[in-house]
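Participant:
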DNA sequence: CTATCAAGGATAATTATGATCCGCGTTAAT
DNA sequence: ATTAACGCGGATCATAATTATCCTTGATAG
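Residue numbers (my numbering), protein chains in the order written: chain A, 1 to 167; chain B, 1001 to 1167.
1) Counting beta carbon pairs with one atom in the stretch 1129-1140 of chain B and one in the stretch 1063-1076 of chain B, are three or more of them shorter than 8 Å?
2) Look up residue 1111/B in the DSSP assignment and say whether it is helix, strand or coil.
3) Specify, as a first and last residue, the run of the alpha helix (DSSP H) that residue 10/A falls within.
4) Could you tell me the alpha carbon to alpha carbon distance between residue 1117/B and residue 8/A, rounded to whole angstroms?
5) Exposed or buried, which one is residue 1066/B when buried takes at least 16 other CB atoms within 10 Å?
6) Please classify residue 1082/B as buried or exposed, where buried requires at least 16 neighbouring CB atoms within 10 angstroms.
7) With a threshold of 7 Å between beta-carbons, can residue 1008/B be considered close to chain A, or not?
8) Please list, in chain order, the chain B residues whose beta carbon lies closer than 9 Å to that of residue 124/A.
9) Please classify residue 1151/B: is it buried, with 16 or more other beta-carbons within 10 angstroms of its beta-carbon, or exposed?
10) Per the contact definition of three or more C-beta pairs closer than 8 Å, is the stretch 1010-1025 of chain B in contact with the stretch 33-49 of chain A?
11) Run through the DSSP bridge pairs and tell me what residue 120/A is partnered with.
12) Return the bridge partner residues of residue 1083/B from the DSSP annotation.
13) Quick check on residue 158/A - is its C-beta less than 7 Å from some C-beta in chain B?
14) Between residue 1109/B and residue 1096/B, which are expected to be in contact by the criterion C-beta below 8 Å, what is the C-beta distance as a whole number of angstroms?
15) Which of helix, strand or coil does DSSP assign to residue 70/A?
16) Got a sec: is the Cβ-Cβ distance from residue 1044/B to anything in chain A below 7 Å?
17) List the residues of chain A that residue 1092/B touches, going by C-beta distances under 9 Å, in chain order.
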């Protein structure tokens, strides 16, 4: 039982996108490269984030991805949900039914309520932190030395449509 | 990301053992049969419960398994821990380090604290419910009709050492 | 002694997850 | 218009986690 690594990767991808100025976008390949992850698979992850309305994609030559919401309106849970989906951590397997030969769905499972509560508690914590607060933490921590370098990289890799003001 | 089915199965196995009188035991095969699960695999699960000191095993001819603790001293979390192990739901993959070229373990990951909190919240809920409280719920719910039948089955399958007072 | 039970290692089958490939539609630049 | 860069999405493969089986050993009641 382990959370998909895609969740963490997605968080960082979104943090990257959050550093983009204005209407600029970043290509899927550039992102996966910076995070050194598999480019093709990362594209799939990004797709899920698009479906979840967290980011938008623009096709075509200077295309890429950009945030759809403000950073304070994206929480870690949103990203978790986008990647992991709605299925819950626990789902009863109907053993109790076998055990006591209940009518179908008469009650289901002794653990369901408890597990749902547990999962809700887990999700609640993940709703507290947002991309905005994470970005702030990133700045606060003495990550400064390389931050400028990262910003430089962004300037090189980002793509801007309409007007050619980059690079 | 899904909890192992073994956790649920183990809970029910322990609920069964909880219905045993005195020093009686139930064989691994009988248990797995009642829960209709794979016998050989179930043996492995039971082994983990033994290692976690939740149940005891007795080898030999009339051997089997029996609770080691009182039902009110076994909580769902104990069983979860026995089966799933100590590894946490989330572990950072070091992406941030790549991103900012940090010294090793200088901070690790922006998400670690949050995720640990979330996991703690999840576990806390699982600590609330015990085998005793689950057993009570089982009785309360209108499961009565088949309960007697189950008890009958137990009487047939349970094994008692020293003195032959069963069957 | 023997039949029955758990212990535990090795290994196979199944499923979930991560990753790749390729053809398609869209769009900026030439 | 043509071309090259990009996201889209389906099919497929690879790797890892989980579930299940097999078989040998050791313990013990009868």
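For glycine and all other residues, C-beta sits at the position ideal for the given N, C-alpha and C. Keep in mind the model is a prediction, meaning the values are calculated, not measured.
Facilitator: For this structure:
1) Short answer: they touch.
2) As a first step, residue 1111/B must be located in the second chain, where it is residue number 111. The DSSP-derived three-state label of residue 1111/B is coil.
3) Position 10 of the first chain, counted from the first residue, corresponds to residue 10/A. Following the DSSP letters along the chain, one finds residue 10/A inside the alpha helix (DSSP H) bounded by residues 5-18.
4) Against the second chain, residue 1117/B aligns to sequence position 117. Against the first chain, residue 8/A aligns to sequence position 8. Approximately 16 Å between the Cα atoms of the pair.
5) In the second chain, residue 1066/B corresponds to position 66, counting from 1. The residue in question, residue 1066/B, is buried, as its Cβ has 16 or more Cβ neighbours within 10 Å.
6) Here residue 1082/B refers to the residue found at position 82 when the second chain is read from its first residue. The residue in question, residue 1082/B, is buried, as its Cβ has 16 or more Cβ neighbours within 10 Å.
7) On the second chain, position 8 is the one that residue 1008/B refers to. So, interface residue.
8) The residue given as residue 124/A occupies position 124 in the first chain. Within 9 Å Cβ-Cβ: 1118 and 1121.
9) Translated into positions along the second chain, residue 1151/B becomes position 151. With fewer than 16 other Cβ atoms within 10 Å, it is exposed.
10) By the C-beta criterion, the stretch 33-49 of chain A is judged not to be in contact with the stretch 1010-1025 of chain B, since fewer than 3 inter-stretch pairs fall below 8 Å.
11) Position 120 of the first chain, counted from the first residue, corresponds to residue 120/A. Looking at the DSSP output, residue 120/A bridges to nothing.
12) Here the question's residue 1083/B lines up with position 83 in the second chain. Note: residue 1083/B sits in no beta bridge, so no partner.
13) Position 158 of the first chain, counted from the first residue, corresponds to residue 158/A. False, the Cβ-Cβ gap to chain B never drops below 7 Å.
14) Your numbering for residue 1109/B matches position 109 in the second chain. Your numbering for residue 1096/B matches position 96 in the second chain. About 5 Å separates the CB atoms of residue 1109/B and residue 1096/B; that is less than 8 Å, so the two are in contact.
15) Taking the first chain and counting its residues from 1, the one referred to as residue 70/A is at position 70. DSSP places residue 70/A in coil when its eight states are reduced to three.
16) Within the second chain, residue 1044/B is the residue found at index 44, counting from 1. By this cut-off, residue 1044/B is not an interface position.
17) As a working mapping, residue 1092/B is identified with position 92 in the second chain. Near residue 1092/B (Cβ distances below 9 Å), the residues of chain A are 8.
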